[in-house]
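Q: Those letters in the sequence shown? Residues -20 to -1, 1 to 109, per mature numbering (1 follows the signal peptide of the UniProt record, and there is no 0), in order. Where is the CB? At the ideal position from N, CA and C, for every residue including glycine. All figures in this text were calculated on a predicted structure; none of them were measured in a lab.
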Amino acid sequence: MTRLLTLLTCLAMPLFTACSPEPTTPLPASESASTAAKPSDRPGAWSHADPYDPDVQEAARFAVQTFAVQGKRRVLFKEVNQARQQVVAGLNLQMHIQVSVDAMARSASVTVWRHPDGRYSLTEWVWLD
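What follows is the structure in structure tokens.
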């Protein structure tokens, strides 16, 4: 019986050691510093967004349409000059946009909140000129 138990133990040992994780080696200081989170990578921090990204363009068009309906004015979207984003419960998109109001060129800073379910809300519209 003792021999059988010893034999089973010897056969089982390689299985346990084969499944154990290998010891990890720490990254060199130069690599760990370069992969550390930058301030813009922190949750809730603002980061750059591509003005030509389809999501940014859609949010900008939503802002213009909403502002036009609320103000009962003819406002036409031209382009997004700058954009940045903030991950919250959903996504805040802050954009500097060019519009045409009653055939006059204007600039505005707008913030649009994309809800977790995909809906948009215009949270800020400030004329820059």
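Using the Cα positions of Leu108 and Asp97, report the straight-line distance between them to the nearest angstrom.
A: 31 Å
Q: So, at 6 Å on beta carbons, what are the nonlocal neighbours of His95 in its own chain, with the 5 sequence-adjacent residues on each side left out?
A: Gly70
Q: Straight-line CA distance for His28 to Arg64?
A: Taking the CA atoms as reference points, His28 sits about 4 Å from Arg64.
Q: Let's test the definition: count the other Cβ atoms within 10 Å of the Cβ of Val68 and tell me whether it reaches 16, buried, or not, exposed.
A: exposed
Q: Helix or strand or just coil, what does DSSP make of residue 158?
A: Past the edges of the chain, shown from -20 to 109, lies residue 158, and the structure says nothing about it.
Q: Quick one: using the 10 Å Cβ neighbour count with 16 as the cut-off for buried, is Val106 buried or exposed?
A: exposed
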